[in-house]
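To convert, count from 1 in the sequence shown and add 4; that's this note's numbering. The beta carbon of each residue, even a glycine, is placed where N, CA and C say it ideally should be.
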Amino acid sequence: PGWANIEIHSTGRTSGHLWEQTELAHAASGGWLLNLISSGPIIHPRQIVTLHDAAIFRHPGQFSRSYGMFHRLVRPALARRARRICTVSAFSMDALAEHMRVPPAKFAVNRTRSCALNAS
């Protein structure tokens with residue numbers, strides 16, 4: 005894309021979850037990382053993650069076995085590690101907090117609370 009205000013860097017030789025968990029984490033070390041698609045490197049200490057809903061937990065039969073198993077393991081670990089979790093509604097926040105055992109205070113819901121880096 006021709007984004008004028010966003011600097012784009014390509015990094016790594018692998019792809020998929022291997023790239024995300026290893027090379028992305030290394031490339032972003034020392035800085036903040038914003039993840040917009042329900043996944044990200046678990047080991048990165050300074051990140052904001054977006055989790056849209058709890059469907060992976062509430063409706064596991066709607067996902068392939070491997071996809072569901074991976075995300076039911078990764079998302080709670082990522083949510084506990086993230087500095088802030090953005091989501092789309094109070095309903096989603098409540099469901100995600102319950103299933104992942106993450107305090108609601110970590111969430112920023114829609115426009116009612118900023119997803120910005122003010123969450124130290």
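Item: Would DSSP call residue 26 helix, strand or coil?; Value: helix
Item: So, helix, strand or coil for residue 17, using DSSP?; Value: coil
Item: Based on DSSP bridge pairs, tell me the residues matched to residue 89.; Value: 53 and 111
Item: Among the candidates 76, 54, 68 and 69, whose CA atom is the shortest distance from the CA of residue 86?; Value: 54
Item: Where does the unbroken alpha helix (DSSP H) through residue 100 begin, and where does it stop?; Value: 94–104
Item: Looking at residue 83 and residue 97, is the spacing between their C-beta atoms short of 7 Å?; Value: no
Item: Give me, in chain order, the residues of the same chain whose beta-carbon lies closer than 7 Å to that of residue 44; leave out the 5 immediate sequence neighbours on both sides.; Value: 24, 37, 51, 53 and 82
Item: Looking only at C-alpha atoms, which of 49, 102 and 8 sits nearest to residue 59?; Value: 102
Item: Considering only C-alpha positions, which residue in the set 22, 65 and 57 is nearest to residue 46?; Value: 22
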